[in-house]
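This note's numbering puts the first residue of the sequence shown at -4, with every later residue one more than the last.
Here a beta-carbon is modelled for each residue, glycine too, at the ideal position from N, C-alpha and C.
All values derive from a computational prediction rather than experimental measurement.
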Amino acid sequence: MSDSNSSINKNTANNLLRRDVRFLGHILGEVLVHQGGNELLVIVENIREMSKNLRAQYSTEMYDEFKETITSLAPEKRHQVIRAFAIYFQLINIAEQNHRIRRKRDYERSAGENVQPGSIEDVVRDLKNQQINAVEVQEMLQGISLELVMTAHPTEATRRAVLDIHQRIANQVMELDNPNLTFREREQLRDKLMGEVITLWQTDELRDRKPTVIDEVHNGLYYFDETLFDVLPEVYQELERCLQIYYPEQSWHAPIYMKFGSWIGGDRDGNPSVTSKVTWETLTLHRKLALQKYDELLNEFTTHLSFSKNIVEVTQELLDSIQVDREHLDLRNHEVWRNEKEPYRIKIVYMLQKIRNAADSSINSLQKYNSPVEFLADLKIIDRSLRNHFADFIADDYVVKLIRQVELFGFHLASLDIRQHSKEHEAAMTEILAKMSICPDYSALAEEDKIKLLSGLLTEPRPITTPYMDYSESTQECLNVYRVVKQAQQEFGLNCVSSYLISMAEAASDLLEVLVFGKEAGLYRQEADGSVTCTLQSVPLFETIDDLHAAPDIMRTLYQIPAYRNSLVSTNHLQEIMLGYSDSNKDGGVITANWELRVALRSITEAASENGVKLKFFHGRGGALGRGGMPLNRSILAQPADTIGGGIKITEQGEVLSSRYSMKGIAYRSLEQATSALLIAALNARNPQIEESEEQWETIMRDISEKAQTKYQDLIFRDPDFLTFFKESTPLPELGELNIGSRPSKRKNSDRFEDLRAIPWVFAWTQSRYLLPAWYAAGTGLYSFYQGKEENLTIMKDMYENWSFFRSLIDNLQMAMAKADLLIAKEYGSMIKDAAIAERIFNEIKEEYEKTSDLILKISGQQEILDNVPVIQESIRLRNPYVDPLSYLQVQLVTELRAERERDEDDTLLIREVLLTINGIAAGLRNTG
């Protein structure tokens, strides 16, 4: 396809996006008239136009008129105006997501003339062009590994009922592209969409209660049920298709390189609602969904596998397996297929019964599938038989995909990680050892003494707990978790739980404690020959800047402890280590967090290499920029190439789940790009190309980081008025009423900054339009090297052009700067009681914002922020006039609400309106926490 054709197609596609936005906007306008009269539409349009004009040409008179219009709205109309703007953003987000799918389909429609950048075919073709042979490609596939881990972090502000409506609207809008629609069908589609938008208008977008942990588990399972169970194997199929095209000399079956995990129901850090019983129920629900999906697919097989022995010759292997099933299986729920000439259907009836019996421990093992391996064996018997009579197209279309699904999801669906705070383990260990008269006060021991004691306990065959002793509730629950993990591994397979994450890991003893508790439940065993079997790995989570500094030496200490090192034999000497992006950012600022994480990756890798240990890094990225958020493929490529050899895990949090995985087309594109990024990273690791200047750049970056950290901490930790500024100028106190997660927003019932979780910290700054955690102190750090010297600017430009780390850092800063808006942010200062504090700190933030913007433009050589990504630049520009009214309204409403509460009054309508503005701004900026 020529460049001119490509340009025409791109313009056509963009016109279709504008068509969809206008179309949905007109429908919303009609709904406003239908539900609130023409007066409501006039008010909304007037506010929108005024906001747009204020953005285009600011004047004090225009600003005063706009504020007067906003503040004079009657409560009933105000409520409707808020909802109108919020729903507009929901519809625009749907249109933009659909457009991403449309663009991918446009590439595919070109029938190979134009391969989409970032696609699997793009990277496989590139491998072929670089003379990478099939053997090398196979080695690369064997060496890559990605696990995407869903978390229940409370950043998904949208209700499930609303997401379901979004899904229906998206499907109907996509149908507008169908050229075969008649005039009548198009009118009917419009009426359907009108009905859906009315339903959206009349559906409460606010939750009336906090979700339970099991509610959150069901929310996570929704994505497996709706998209991932189908989409993930399709990505594997596409990889194999492309490999077959470019490397036809080999038959391809890709190894398992990408899968999903979950924290939902396993993450108990700071969430007392996640009990051992909840964890067991979570694992049961995982298995239930997996078996249900296999049941559905086998039923579908019955329709398609109607082959008759009168026409084809099936394998004796298939007939023998049917005979074995007949001898052992009691068909309770189904009668045997009556047509004896249709062996596949007969076989599937038996397979269905064995799947339905799989979860019943009371049923004889010969009458059920005891493991996915047994299920796979039967599927492969069917596959071989189909190919034997040349029904290979049917085998490829149905059986091969199901085989891949079983390989990916097993009977456990997804691995569940357990997470708990290190202090909880220490408290339980202290109580247990005191009761058993082993150590009077374990917590008071020096670290060396703790290591010595715990190492001894790991090699001591006798237990340290007894069922005849009473423990405190928290200690008993701590022990119960390990017993549940052991029971789960026996019931659901070893892969159902294999990682135990330790929050705030600060010492080697924190990891040894988990192994000692695991030993009590049989998860760590020293065999008679001295070897160790360990089925639950201790995974440290290094979160703060100090923890990142200490991490390499902590791991070196552990690798030198025989009892610990022997535990790694079970994982083929692979150690998982998690790095926290949220708390390191909150602790040191965005520049320092990014730099220190990079340094930690390298130094922890070096410590492992010295000891013959491979590493799997787990990157705890949030959805927002202030918590390490970025597109999935970029987050993979952002890692130093030499740190991904043992595989990587990445958290998928909050609103990221719905934006990436609620629609099949978007989910496919995201996972396809991830596959492409993994292969590029693997290629880079094989052929490392280190710039000669990189050592100099790293020295420069170290100094920039130090200056940025000082600037950041001067404001956040050392300014006595900062916490007042933060709490009073953001909707932080009101966020907790949004009911978006089962977990409290603080680790303790405390007003200390240290106890505030990173998620509400980022969410609050996003709402107030500062987005401070995503950029603050970057300008000071960068300027400390620049110093107004052209020769230094030339070096920084070179860093931006040729160093992926620095480019990614600057581009993320650009995104944050573009979304931040200090003109609106200043409005939030009116909520601060002390005007002097408000003005002083705002001016300090403003000065840093201007310094950061100026340097980003100088380094990138751009005229405006985000000139490098014009699509996003334009999207933000078009969205801002619609977000602004919600921000002004939020300031007014929060001010009124706080005044009422100071008088010990509460207005439920006022609270609702505040929460609706929070939802609306989150949708408009496409970020919560």
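What's the C-alpha gap between residue i and residue j?
i: Gln570; j: Gln111; result: 36 angstroms
i: Pro149; j: Asn128; result: Low local confidence applies: a pLDDT of 47 at Pro149 is under 50, so the model's placement there is unreliable, with the coordinate-based value given in what follows. Answer to the nearest angstrom: the Cα atoms are 46 angstroms apart.
i: Asn124; j: Val28; result: 59 angstroms
i: Ile586; j: Asn294; result: 54 angstroms
i: Arg95; j: Asn383; result: 42 angstroms
i: Ser432; j: Leu449; result: 15 angstroms
i: Gln471; j: Phe512; result: 11 angstroms
i: Arg907; j: Phe80; result: 15 angstroms
i: Ala831; j: Gly776; result: 27 angstroms
i: Lys722; j: Leu767; result: 14 angstroms
i: Ala51; j: Asn875; result: 11 angstroms
i: Gly215; j: Gly575; result: 22 angstroms
i: Asp91; j: Ser653; result: Note that residue 91 is Glu in the sequence shown here, rather than Asp. About 14 angstroms.
i: Asn352; j: Ile358; result: 7 angstroms
i: Glu56; j: Ala918; result: 30 angstroms
i: Arg154; j: Asp264; result: 24 angstroms
i: Cys434; j: Lys272; result: 30 angstroms
i: Glu369; j: Ser140; result: 25 angstroms
i: Pro250; j: Asp901; result: 59 angstroms
Taking residue i as part of the alpha helix (DSSP H), name the residues at either end of that continuous run.
i: Ser301; result: Careful: Ser301 lies outside any alpha helix (DSSP H) and carries neither H nor E.
i: Phe748; result: Per DSSP, Phe748 belongs to no alpha helix (DSSP H) and is neither H nor E.
i: Tyr339; result: Pro338 to Asn352
i: Met464; result: Element bounds for Met464: n/a, residue is neither H nor E.
i: His568; result: Taken as a continuous stretch (DSSP letters only), His568 belongs to no alpha helix (DSSP H), as it is neither H nor E.
i: Val192; result: Phe178 to Trp196
i: Gln708; result: Glu689 to Ile711
i: Ser758; result: The question names Ser, yet the displayed sequence has Phe at residue 758. Run containing Phe758: Ala753 to Gln762, per the alpha helix (DSSP H) assignment.
i: Ser665; result: Lys659 to Arg681
i: Lys447; result: Glu442 to Thr454
i: Ile358; result: Premise fails: Ile358 is in no alpha helix (DSSP H) and is neither H nor E.
i: Asn875; result: Pro865 to Glu897
i: Cys237; result: Phe224 to Tyr241
Given the structure, does residue i come close to the ligand GTP, in the sense that its CB is under 7 angstroms from one of the ligand's heavy atoms?
i: Gln362; result: Within the structure as shown, the ligand GTP is missing, as the structure has no ligands at all.
Quick check on this structure: which residue in the options has the alpha carbon closest to the alpha carbon of residue i?
i: Pro626; options: Thr425, Val26, Gly113 and Asn41; result: Gly113
i: Asn93; options: Asp524, Leu19 and Ser855; result: Leu19
i: Phe720; options: Ala759, Ile695 and Arg697; result: Ala759
i: Ile413; options: His544, Thr270 and Ala595; result: Thr270
i: Lys846; options: Ala820, Tyr883, Gly783 and Arg802; result: Gly783
i: Lys445; options: Leu861, Leu553 and Leu852; result: Leu553
i: Asn305; options: Lys336, Gln318 and Leu284; result: Lys336
i: Arg593; options: Met791, Leu507 and Ser630; result: Ser630
i: Ala483; options: Ala516, Val230, Met696 and Asp505; result: Ala516
i: Lys644; options: Ser654, Leu673 and Gly660; result: Leu673
i: Leu238; options: Lys841, Val118, Leu324 and His407; result: Val118
i: Gln232; options: Leu788, Arg802, Tyr663 and Ser301; result: Tyr663
i: Lys396; options: Trp770, Lys288 and Gln415; result: Lys288
i: Met794; options: Leu727, Ile854 and Tyr339; result: Ile854
Let me check one thing: in DSSP terms, what residues is residue i bridge-paired to?
i: Val527; result: Gln521
i: Gly783; result: Bridge partners of Gly783: none, in fact.
i: Lys814; result: Per DSSP, none; premise fails for Lys814.
i: Glu142; result: Lys254 and Lys644
i: Leu411; result: Ser257
i: His614; result: Leu574 and Ile645
i: Ser494; result: Gln532
i: Lys609; result: Leu569
i: Asp262; result: Arg414
In the DSSP assignment, find the beta strand (DSSP E) that holds residue i and state where it starts and stops.
i: Val534; result: Gln532 to Phe537
i: His931; result: Residue numbering for the chain in the displayed model covers -4 to 924; residue 931 lies beyond these limits and cannot be assessed.
i: Arg860; result: For the record, residue 860 in the displayed sequence is Ile; it is not Arg. Element bounds for Ile860: n/a, residue is neither H nor E.
Exercise. When the Cβ atoms of the stretch 312 to 327 are set against those of the stretch 377 to 394, are three or more pairs found closer than 8 angstroms?
Worked result: The stretch 312 to 327, when compared against the stretch 377 to 394, does touch it at the 8 angstroms Cβ threshold.
Problem set entry | Inter-stretch contact at 8 angstroms, needing at least 3 Cβ pairs: the stretch 255 to 265 / the stretch 126 to 145 | They touch, by the three-pair rule.
Problem set entry | Contact the stretch 536 to 550 vs the stretch 593 to 609: 3+ CB pairs below 8 angstroms | Judged by Cβ distances under 8 angstroms, the stretch 536 to 550 makes contact with the stretch 593 to 609, as three or more pairs qualify.
Exercise. Can at least three beta-carbon pairs, one atom from the stretch 784 to 791 and one from the stretch 748 to 759, be found at a separation below 8 angstroms?
Worked result: With the cut-off at 8 angstroms, the stretch 784 to 791 and the stretch 748 to 759 do not touch.
Problem set entry | the stretch 827 to 844 / the stretch 866 to 886 touching (three or more Cβ pairs under 8 angstroms) | Fewer than three beta-carbon pairs drawn from the stretch 827 to 844 and the stretch 866 to 886 are found closer than 8 angstroms, and the two stretches are therefore not classed as touching.
Exercise. Touch check for the stretch 332 to 348 and the stretch 407 to 421: three-plus C-beta pairs under 8 angstroms?
Worked result: In short, these stretches do not touch, since the Cβ pair count stays below three.
Exercise. For the stretch 797 to 817 against the stretch 856 to 876, are there 3 or more C-beta pairs whose distance is under 8 angstroms?
Worked result: Output reads yes: the stretch 856 to 876 touches the stretch 797 to 817.
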